[in-house]
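Asker: Each residue of the sequence shown is one higher than the one before, starting from 427 at the first, in this note's numbering.
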Amino acid sequence: MKKLFTILSIVALGFTACEGDPGPQGPPGIDGTALVGSTYETPAVDFSVDNDFYRFTFPSNIVNGDAVLVYRLEDVVDGLDVWEPLPTATIFFDDGGFLQYRFNYTLGDVDIILESDDISLAGAEFTQDQIFRIVVVPSDLVAEFNGDFSNYYEVMSALELSETDIQTLQ
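1. Which partner residues of N572 appear in the DSSP bridge assignment?
2. Leaving aside the five residues before and after D478 along the sequence, list all residues of the same chain whose C-beta is less than 8 Å from its C-beta, in chain order.
3. Note down, in chain order, each residue of its chain lying with its Cβ closer than 7 Å to the Cβ of Q554, except the 5 sequence neighbours on either side.
4. Flag this pair as touching only if the segment 571-591 and the segment 498-505 have three or more C-beta atom pairs under 8 Å; answer yes or no.
5. Compare the beta carbon distance of R559 and Y466 with 8 Å and say whether it is the shorter of the two.
6. What would DSSP say about T532, mapped onto helix, strand or coil?
7. Is D543 helix, strand or coil by DSSP?
8. Quick one: measure Cβ to Cβ for V494 and Y531, integer angstroms, because I've assumed they're closer than 8 Å.
9. Would you tell me roughly how many angstroms separate the C-alpha atoms of N577 and G449, rounded to the nearest one?
10. Could you name the residues that DSSP lists as bridge partners for Q593?
11. What is the DSSP secondary structure of L585, reduced to helix, strand or coil?
12. Excluding sequence positions up to five away, which residues of its chain have a Cβ less than 7 Å from the Cβ of D492?
13. Check the DSSP bridge columns for T367 and list the partner residues they point to.
14. Suppose you measure from the CA of M582 to the CA of S474; what does that come to, to the nearest Å?
15. Buried or exposed: F518, going by 16 or more other Cβ atoms within 10 Å of its Cβ?
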């Protein structure tokens, strides 16, 4: 009988040990959100002595902390676009002139600027029909991205965006 009582006591203790108050429930978590980046393609931009910048206004303000990247269509090789990140390396001309594409942005717009000591020295291949892509990278991705921001295709892959996601501007 003593053995039966001991066994029943151990079994009862085992059942009561598994029960009990689990403690207070914590606060609800924040709903997960997808990282959403945006990419915009400019129409053909023409720079001149009188017009050395192009302004793009975002459809809605971007989030403070997001990064903006700008790429220039430098060439097309074997049907593949070659995107050069801005600012570009300074291009020096044989006759002494130079130019460089750069950009600045606010939460509401992006200015793409052609800097030159004399834009009239730059040929049409640098001033006419220039195509740019503006990529908005969410701050969460900026913090986690281990890739190369100068590589347009790597950034687009990290954002899980394809050519069909690009918004072409008019």
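C-beta: ideal position from N, C-alpha, C; glycine also.
Answerer: In terms of the structure at hand:
1. Looking at the DSSP assignment, N572 forms no beta bridge with any residue, so it has no partner.
2. I539, L540, E541, S542 and I545
3. Here the set comprises D472.
4. no
5. A distance below 8 Å separates the beta carbons of R559 and Y466.
6. coil
7. coil
8. 5 Å
9. Those two C-alpha atoms are separated by around 50 Å.
10. Y466
11. coil
12. V562, V563, P564 and S565
13. The chain is shown only over 427 to 596; residue 367 falls outside these bounds and no answer can be derived.
14. 31 Å
15. exposed
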